[in-house]
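Asker:
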Amino acid sequence: MRRTGPWSADEAAAFLRESTVPVRLACRTPSDQLWMLSLWYEWVEGDDGPELCCATSAGADVVSFLRANDGVAFEVSTNDPPYRGVRGRGTATIEPDEGKTLLRTLLERYLGGTENELATFLLGADREEVRIRVSPARLHSWDYTDRMRDVSGADE
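Using the working numbering, the letters of the sequence shown map in sequence onto residues 4 to 159.
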């Protein structure tokens, strides 16, 4: 995997592990139009390299789009100054989320648990979930902390 930007591989991985903003994932539709959506994610560093893992409904449009063309671009960035983050591109694979294991992990990560109406809906027995695994080919980090110091309160 190619990596560029001011952060080391460990710094980029730490940002991706600790951030709880959704990933913005871009792909192409079967008619070659661009498509972008936001998904909850988990950064996993496995034996085959790092992966960005998302869960979604098996019937979601993005699932059919990725089955037709597995190339993706993505971005995880802060929503408030100072802006910083990681963007990249890679390849996506789709597989069942057996037992909704990843979905449960993401509900814990983003909502703090499964005791809420959204979790009850998403974990319903009639809803089939899949895992989207993004294997990055390239990562680029950026960090505007220094240039935004006077507007972000970073020096307080």
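The beta carbon of each residue, even a glycine, is placed where N, CA and C say it ideally should be. Because the structure is a prediction, the values reported are computed rather than measured.
Just the C-alpha distance for residue 94 and residue 138, rounded to the nearest angstrom, thanks.
Answerer: For the purposes of this step, residue 94 is taken as residue 91 along the sequence shown, with counting starting at 1. For the purposes of this step, residue 138 is taken as residue 135 along the sequence shown, with counting starting at 1. Near 5 Å, if we compare the C-alpha coordinates of residue 138 and residue 94.
Asker: State the Cα-Cα distance for the pair residue 29 and residue 153, rounded to the nearest angstrom.
Answerer: The residue labelled residue 29 in the question sits at position 26 within the sequence shown. The residue labelled residue 153 in the question sits at position 150 within the sequence shown. In this structure, the CA atom of residue 29 is about 32 Å from the CA atom of residue 153.
Asker: Keeping to the same chain, check which residues put their C-beta closer than 7 Å to that of residue 147; ignore five residues upstream and five downstream.
Answerer: Numbered from 1 along the sequence shown, position 144 holds the residue referred to as residue 147. For residue 147, where only same-chain residues beyond five positions count, the Cβ hits under 7 Å are 85, 86 and 87.
Asker: Output the boundary residues of the beta strand (DSSP E) element that contains residue 11.
Answerer: As a working mapping, residue 11 is identified with position 8 in the sequence shown. Segment: none, residue 11 is in no beta strand (DSSP E) and carries neither H nor E.
Asker: From residue 235 to residue 73, what distance separates their C-alpha atoms?
Answerer: The structure shown does not extend to residue 235, since the chain is modelled only from 4 through 159, so no value can be given for it.
Asker: Note down the Cα distance separating residue 12 from residue 60, rounded to an integer number of angstroms.
Answerer: Stepping through the sequence shown from its first residue, residue 12 is reached at position 9. Stepping through the sequence shown from its first residue, residue 60 is reached at position 57. Rounded to whole angstroms, residue 12 to residue 60 spans 31 Å at the Cα level.
Asker: Count the other C-beta atoms from every protein chain shown that fall within 10 angstroms of the C-beta of residue 124, then say buried if there are 16 or more, exposed otherwise.
Answerer: The residue labelled residue 124 in the question sits at position 121 within the sequence shown. Residue 124 should be labelled exposed.
Asker: Between which two residues does the alpha helix (DSSP H) holding residue 69 run?
Answerer: As a first step, residue 69 must be located in the sequence shown, where it is residue number 66. Start and end: 64 to 71.
Asker: Roughly how far, in whole angstroms, is the beta-carbon of residue 10 from the beta-carbon of residue 25, given that I think they are within contact range, below 8 Å?
Answerer: The residue labelled residue 10 in the question sits at position 7 within the sequence shown. The residue labelled residue 25 in the question sits at position 22 within the sequence shown. The distance from the Cβ of residue 10 to that of residue 25 is about 20 Å, inconsistent with a contact at the 8 Å cut-off.
Asker: Going by beta carbon distance, what residues of the same chain come within less than 8 Å of residue 33, once the five residues before and after it are set aside?
Answerer: Here residue 33 refers to the residue found at position 30 when the sequence shown is read from its first residue. 67, 68, 71 and 72, listed in sequence order.
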